[in-house]
DNA sequence: CTTGACCTGTCTACCACTTCATAGTTCAGA
DNA sequence: TCTGAACTATGAAGTGGTAGACAGGTCAAG
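Structure representation (structure tokens):
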């Protein structure tokens with residue numbers, strides 16, 4: 098038996114999220130205590146855990162409800178459709194990255210101010226990034242868009258050999 | 098000289114979008130005709146085109162305003178920050194894809210119903226996908242997440258040789 | 001002068017929440 | 001028994017970047 102906040106924290110969600118799920122009918126209204134507090138049981142926990150699994154796969158709440166509440170609904174096709182949508186979303190984001198790199202290069206040409214590794218590092222540090230954050234940054238970039246990562250490192254005027262080594266440890270990350 | 102809708106369509110946006118940009122101060126309120134219609138000029142067009150470039154790079158309107166209205170603001174660092182954010186967003190989406198693949202594999206094991214290429218194609222067609230759409234689908238998948246693409250093709254029980262050929266034309270496509 | 005295509009401002013809806021305001025409840029310590 | 005911290009309840013409003021509905025105004029062609 099749990100209260101809202103206890104159950105929420107147990108599943109890594111916030112209290113308001115659970116209340117929201119209830120309001121849209123994704124979680125059934127639980128029983129109440131004498132003081133009108135929500136009291137959740139095992140059943141609720143199991144359902145919420147399933148919800149979290151599908152949320153972790155990036156499904157919309159509407160789709161999750163379809164899978165949970167209509168046992169005849171084809172979960173596979175919903176998952177496959179989402180898989181495809183994720184592709185186009187990723188492609189869109191990579192297109193954004195390419196646009197940014199293009200803008201950065203143009204800026205580089207127009208202004209005589211050449212962006213260097215040192216300047217970039219100082220900008221990142223000023224934004225509150227630590228060395229470890231930047232390692233993760235490179236690892237993510239290398240993993241999600243290797244070609245664009247290469248392009249960016251070139252943009253920073255880093256010598257080819259150093260680029261290779263940065264990308265090396267980015268992959269091993 | 099253009100009206101709202103004309104200018105919007107010219108830039109591939111909707112009328113509401115332009116009105117919204119004006120309401121948040123990203124576009125200046127234009128002059129009006131006798132009938133109180135908005136009348137946009139060259140200046141507005143140029144500004145809107147710059148906005149579209151930055152929007153195409155996935156920048157938030159707030160950041161775009163910073164770049165356009167504060168000439169001393171460092172566009173480079175805004176672009177670089179966004180580049181990093183895009184990485185983490187892409188990583189999140191790829192994590193979603195991996196979760197979906199895991200769920201699909203589990204489903205495959207639990208239910209005896211094996212998902213095959215034929216079933217998948219029929220599901221996609223039922224969702225209104227044409228052959229050409231599916232080619233694009235594979236190309237996007239191969240480009241954005243090659244390992245996950247391989248995994249998905251294996252999930253469909255497609256023989257290794259055919260998988261290789263599908264990935265081959267996906268890359269060229 | 002009528003038709004009908006386009007325009008106007010204002011409003012609501014979307015998604016998945018979060019935050020806020022206000023008020024009631026529970027519980028541990030003094 | 002009282003106090004106060006930490007919970008809880010409900011409802012409303014805000015977020016971003018649009019899309020679309022609505023009722024009415026404007027304009028050019030015929």
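Protein chains in written order, with the working numbering: chain E, 98 to 270; chain H, 98 to 270. For each residue, glycine too, the CB sits at the ideal point set by N, CA and C.
Burial state of residue i (16 or more Cβ within 10 Å)
| i | result |
| --- | --- |
| residue 242 of chain E | buried |
| residue 132 of chain E | exposed |
| residue 127 of chain H | buried |
| residue 196 of chain H | buried |
| residue 105 of chain E | buried |
| residue 212 of chain H | buried |
| residue 177 of chain H | buried |
| residue 179 of chain H | buried |
| residue 208 of chain E | exposed |
| residue 244 of chain H | exposed |
| residue 181 of chain E | buried |
Bridge partners - residue i, DSSP secondary structure assignment
| i | result |
| --- | --- |
| residue 191 of chain H | Note: residue 191 of chain H sits in no beta bridge, so no partner. |
| residue 117 of chain H | Its beta-bridge partners do not exist; DSSP assigns none. |
| residue 99 of chain H | H:137 |
Rounded distance between the beta-carbons of residue j and residue i, thought under 8 Å
| i | j | result |
| --- | --- | --- |
| residue 248 of chain H | residue 198 of chain H | 5 Å |
| residue 220 of chain E | residue 187 of chain H | That belief does not hold up - the Cβ atoms of residue 220 of chain E and residue 187 of chain H are roughly 21 Å apart, past 8 Å. |
| residue 116 of chain H | residue 158 of chain H | The pair is not a contact, with the Cβ atoms about 13 Å apart (cut-off 8 Å). |
| residue 136 of chain H | residue 98 of chain H | 6 Å |
Cα-Cα separation between residue i and residue j, rounded to whole angstroms
| i | j | result |
| --- | --- | --- |
| residue 145 of chain E | residue 246 of chain H | 30 Å |
| residue 205 of chain E | residue 233 of chain H | 34 Å |
| residue 255 of chain E | residue 191 of chain H | 29 Å |
| residue 224 of chain H | residue 162 of chain H | 40 Å |
| residue 167 of chain E | residue 134 of chain E | 29 Å |
| residue 250 of chain H | residue 260 of chain H | 6 Å |
| residue 262 of chain H | residue 240 of chain H | 15 Å |
| residue 102 of chain E | residue 155 of chain H | 36 Å |
| residue 87 of chain E | residue 119 of chain H | Missing from the structure shown is residue 87 of chain E; chain E here goes from 98 to 270 and no further. |
| residue 175 of chain H | residue 228 of chain H | 40 Å |
| residue 235 of chain H | residue 109 of chain H | 27 Å |
| residue 170 of chain H | residue 200 of chain H | 46 Å |
| residue 215 of chain E | residue 252 of chain E | 12 Å |
| residue 185 of chain H | residue 238 of chain E | 8 Å |
| residue 151 of chain E | residue 222 of chain H | 24 Å |
| residue 111 of chain H | residue 194 of chain E | 24 Å |
| residue 121 of chain E | residue 172 of chain E | 20 Å |
| residue 143 of chain E | residue 210 of chain H | 25 Å |
| residue 141 of chain H | residue 164 of chain H | 16 Å |
| residue 270 of chain H | residue 129 of chain H | 49 Å |
| residue 189 of chain E | residue 139 of chain H | 30 Å |
| residue 230 of chain H | residue 218 of chain E | 42 Å |
| residue 153 of chain E | residue 100 of chain H | 45 Å |
| residue 265 of chain H | residue 125 of chain E | 48 Å |
| residue 226 of chain H | residue 203 of chain E | 39 Å |
| residue 160 of chain H | residue 149 of chain H | 13 Å |
| residue 107 of chain E | residue 114 of chain E | 13 Å |
| residue 257 of chain H | residue 257 of chain E | 37 Å |
What runs of the beta strand (DSSP E), each 3 residues or longer, lie entirely inside the region 124-204 of chain H?
-> Restricting attention to beta strand (DSSP E) runs no shorter than 3 residues, the region 124-204 of chain H encloses none.
Completely contained alpha helix (DSSP H) runs for the region 201-239 of chain E, where each covers 4 or more residues | Scanning the region 201-239 of chain E for uninterrupted alpha helix (DSSP H) segments of 4 residues or longer gives 214-223, listed from N- to C-terminal end.
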